[in-house]
Amino acid sequence: MARQQPPPWVHTAILLCLLSLTGAIEIPMDLSQPPTITKQSVKDHIVDPRDNILIECEAKGNPAPSFHWTRNSRFFNIAKDPRVSMRRRSGTLVIDFRSGGRPEEYEGEYQCFARNKFGTALSNRIRLQVSKSPLWPKENLDPVVVQEGAPLTLQCNPPPGLPSPVIFWMSSSMEPITQDKRVSQGHNGDLYFSNVMLQDMQTDYSCNARFHFTHTIQQKNAFTLKVLTNNPYNDSSLRNHPDMYSARGVAERTPSFMYPQGTASSQMVLRGMDLLLECIASGVPTPDIAWYKKGGDLPSDKAKFENFNKALRITNVSEEDSGEYFCLASNKMGSIRHTISVRVKAAPYWLDEPKNLILAPGEDGRLVCRANGNPKPTVQWMVNGEPLQSAPPNPNREVAGDTIIFRDTQISSRAVYQCNTSNEHGYLLANAFVSVLDVPPRMLSPRNQLIRVILYNRTRLDCPFFGSPIPTLRWFKNGQGSNLDGGNYHVYENGSLEIKMIRKEDQGIYTCVATNILGKAENQVRLEVKDPTRIYRMPEDQVAKRGTTVQLECRVKHDPSLKLTVSWLKDDEPLYIGNRMKKEDDSLTIFGVAERDQGSYTCIASTELDQDLAKAHLTVLADQATPTNRLAALPKGRPDRPRDLELTDLAERSVRLTWIPGDDNNSPITDYVVQFEEDQFQPGVWHDHSKFPGSVNSAVLQLSPYVNYQFRVIAVNEVGSSHPSLPSERYRTSGAPPESNPADVRGEGTRKNNMEITWTPMNATSAFGPNLRYIVKWRRRETRETWNNVTVWGSRYVVGQTPVYVPYEIRVQAENDFGKGPEPDTVIGYSGEDYPRAAPTDVKIRVLNSTAISLQWNRVYPDTVQGQLREYRAYYWRESSLLKNLWVSQKRQQASFPGDRPRGVVSRLFPYSNYKLEMVVVNGRGDGPRSETKEFTTPEGVPSAPRRFRVRQPNLETINLEWDHPEHPNGILIGYTLKYVAFNGTKLGKQIVENFSPNQTKFMVRRADPVSRYRFTLSARTQVGSGEAVTEESPAPPNEATPTAAYTNNQADIATQGWFIGLMCAIALLVLILLIVCFIKRSRGGKYPVREKKDVPLGPEDPKEEDGSFDYSDEDNKPLQGSQTSLDGTIKQQESDDSLVDYGEGGEGQFNEDGSFIGQYTVKKDKEETEGNESSEATSPVNAIYSLA
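Heads up: the sequence shown runs through residues 1 to 1189, numbered per this note's numbering.
Right, here's the structure in full:
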């Protein structure tokens, strides 16, 4: 898919429209005014003798002017000649020859006079000539005998015609004569042979003259050649022999000039005309011609080589093209040169053409008539067609050379003045009237016009007006504000207001007001800004099988107030919507796709103001002969590579490539991609050249000049792409001058006194020849400077010593050894920028709130920016806080305001602080000088959140809260606000609010119950209000751990039930009884099915080991192992092996669903392993019961 550009006529229309905006103000036709010539024939008027003669002269004025003519400076009495008449309401002469007469009798110099009571206007002096095409004199021409290798000139000598005929040479059988650097036609029409060869006898030579007006061709009798040779055999294979002349026995000779003769000549040319210099030389081998200018380079932008370098043409000659040129003719035997001295003269040309002068009574004015030429032209003033010297004296008029000054003009001063400036090469005649009127301002266009324009476009609002004295015109928007001129607006002399880029805010009512001393007039134009039409979902390239359905999307966004029309093109022609197609607002559907549907489809979305285009390509795949069911059963793969590439039909710009397809591996080949590689710019790199349908295996490839091509082919099917084929043989095309120029030409300054010109270098396929180089030209914009030029082989050139930030016209033209590329486009670049010289003034600050301020300043003058104004920038820093002893960072910050604007807003400031601020203007170089430092203070704001808010729960009755002061108080703290609420699962309690002093940073909350959790929200306060809050929750109590399978319900709810409390008490009682039983058994001794593991194992002689039992006895009044005796003789339990830790709270202990105890009696290790743990809490029945509860 691709988005297309608008048609070129759109840009042309805009350009022509803007060029018409600077025209002079004209007097409305309903007001009295002298005559003005509006149309006339050219000065040299050549007519066809077979037609009637028409000499044009039309004029306007009020009253309507009358006309009369002079012929050869004498009054031409039209009434006396029946063949001559004058058109009605016009001065155009018609000379009718239908009733006989000779047109030649009317040749001469004619001049038209248009007159009314306010003056007389004159046409140019029109020289009437009748076209002539005389016959060629009959003559018998003998055969021309010439030695092979000798030079020869066949003279044409055409009969003189008017205008001069076009000369060309052909054979008597009307076959054109092939010309090259050996045989060519000179500018005078003669045919020159630098050396004659035997093959020149194979045809005869006839000079032909084509006459423009009669459209006839006259042919001179043909010349025949007889070539004397030492080798009578005309072997065609010798024509391209590297030493053709010696192979034919032709002696080699140094060059000599056939035209012009001698070593020097001179030529005169008029400014603005074309200069044609010609050098034709003889010699064996054929000489090469090169051109040079003494003391400088040829003007590369105007110089063209013609006729195989034998002619140098310089277009639009100017004075700097004068000087000495020389041509150098050389071959391997030697070289000679001819010098041509060129003198440039000039017919008169305008420097300041006189313009109509509209004055009010009593006003002063002047008519200026300045012209230049070589020789210097003389200036003659006339009034109403008569020399000014013979006109009645006028005390209010003073002639000062090329200027007429009028003082205190009155109604009687109305007249038409003629300025005639002439020299020996021509003349210029201009009419300018002086009109004295007393007219209040008036508007010339309809009132209250509506102009609709697309967003971001350029537009103009017209306000044609008139008045005398000439009114001043001002524009206003929406009836208020200052005069619109400058920036995005520009007012032209004729009253039109140009808006360079339309924005949404430009919509409104514009009023133009014209004012002079007699009053004022106004008109209004309503401007409506419309959104552009855009295709936001474009049709995409598709590949479809025949018989399927294809949908091409084209979704459009447009201004809803404009009528949208969506149309389609196929292959750039209107698409006929047949019964297989369905066109909707946002798509085109094609049912049953056929091969004829293949092509490019363009969606055009248009309104009455604009349009957008998008294009996509549809490729239709033909059915394969293999049955579908068979294909489906076979595995599919990528195609095999094509093979046996062959190049045929070798031509200068094309070649035919043929290949043998590889196996498609059960998936039809859809496309072939042809790639190429060249060995000069990017050897080894392959580029896509073209793409062809899978049904072809031969294609003609279009080639670029001077590329050493090598090709390969890749096959594509729905599975993927094949490996590339083996490369073809190489084929080098012949060279040619470039047909394009480098793209992306830019001119930008890298320093304040330079301009770097860069461009994208051309690749191998656009170089077209060896030694690709670039002719870089530049000059100051809107000056009459000559072009500077330099030849560059890279892709950049730096122009030094440039003024600061001035526009330049830049051209970059490609050139190779075969010639130059086309005339390049002119690109506008800018020299380097320097730092701005001025700072914004009158900076005003208005505090908006505690964190933002509004800025307003006076913009700097454009000439002080010294570059492109990027933005205005505010530098500001926090000088101090209004809170004592609060450290602040004084790091500078900045706020940018892009564009040329006078106001902006700085935000994200700290409240309750002292700030300083400076303004600068910024261009591409950097910052300008800083403005006067301004100080401002931000008011109090709300504080930031308290820092390090901590929630601790030392027990089940209380919760402790601690916090630190906010990092940014943003004012004077007046306290803290704490909000908290208890929650249990999804149940929420009543919210409680506490207010604290600003110095309090701790608080204790007493829990209402041991189960609920609490959510706390804390914020600090200033006089402005509460700031950002921080939220924390109390920790979860231990009994909120994950319940076992027996407690799947809400534990907090169960723990408060009476039956549950009774069950827990019963379990505790059973455990207590079990402990008592265990103590009794230990004190009596007994056998247990386990034994205590000692560090020292029992010896084998121990009889107790046989059954694995161990006898515990107190017969020796020994204390139990694992206990120690207290001072009073009681036994203190150190760590009971039968403790609840081992029974109930160990990792192995658990309760059954009925509350019974399940456990394993475990034996503790030695005293040495447990020594140091003096706590008996684990064995306390009370603690054990509390923990189980």
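Virtual Cβ for every residue (Gly too), placed ideally from N, Cα, C. Since the model is a prediction, treat every value here as computed from it, not as a measurement.
Can you look up residue i in the DSSP assignment and give me helix, strand or coil?
i        : result
Arg-210  : strand
Thr-70   : strand
Pro-737  : coil
Cys-512  : strand
Val-399  : strand
Gly-1027 : coil
Phe-1079 : helix
Phe-97   : coil
Ala-699  : strand
Gly-1062 : helix
Gln-868  : coil
Gln-33   : strand
Leu-1074 : helix
Ile-177  : coil
Asp-44   : strand
Asp-964  : strand
Tyr-672  : strand
Would you mind stating whether residue i and residue j have Cβ atoms separated by less than 8 Å?
i       : j       : result
Ala-64  : Gly-91  : no
Thr-315 : Val-368 : no
Glu-466 : Leu-444 : The amino acid occupying residue 466 in the given sequence is Phe; Glu does not appear at that position. It is a contact, given that the beta carbons lie within the stated cut-off.
Leu-701 : Ser-740 : no
Asp-204 : Ser-172 : yes
Ala-430 : Pro-354 : yes
Gln-40  : Cys-57  : yes
Asn-665 : Asp-644 : no
Pro-727 : Gly-694 : no
Val-399 : Leu-461 : no
I need the boundaries of the beta strand (DSSP E) containing residue i, first residue and last residue.
i        : result
Met-1004 : 1002–1006
Ser-587  : 587–590
Ala-605  : 599–606
Thr-421  : 415–423
Leu-450  : 449–454
Gln-380  : 378–383
His-338  : 334–352
Met-258  : 253–259
Arg-746  : 743–748
Express the C-alpha separation of residue j and residue i in angstroms, rounding to a whole number.
i        : j        : result
Glu-252  : Val-227  : 17 Å
Val-673  : Ala-715  : 6 Å
Gly-985  : Ser-1012 : 8 Å
Val-379  : Asn-420  : 6 Å
Val-183  : Thr-802  : 49 Å
Gln-111  : Ile-46   : 15 Å
Asp-266  : Tyr-808  : In the sequence on display, residue 266 carries Ser and not Asp. Each residue's Cα considered, the two are about 36 Å apart.
Ile-126  : Asn-77   : 17 Å
Ser-413  : Asp-485  : 36 Å
Gln-953  : Val-1030 : 18 Å
Gly-599  : Pro-737  : 34 Å
Arg-1197 : Pro-943  : Outside the displayed range of the chain (1 to 1189) lies residue 1197, so it cannot be described from this structure.
Arg-74   : Glu-320  : 42 Å
Trp-169  : Glu-424  : 37 Å
Ile-411  : Gly-272  : 42 Å
Hey, quick one: how far does the alpha helix (DSSP H) through residue i stretch, first residue to last?
i       : result
Tyr-245 : 244–247
Ala-594 : It is not in any alpha helix (DSSP H) - Ala-594 carries neither H nor E in the DSSP assignment.
Thr-765 : 764–767
With burial defined as no fewer than 16 other Cβ atoms inside 10 Å of the residue's Cβ, what is the status of residue i: buried or exposed?
i        : result
Phe-1079 : exposed
Glu-782  : exposed
Glu-932  : exposed
Gly-362  : exposed
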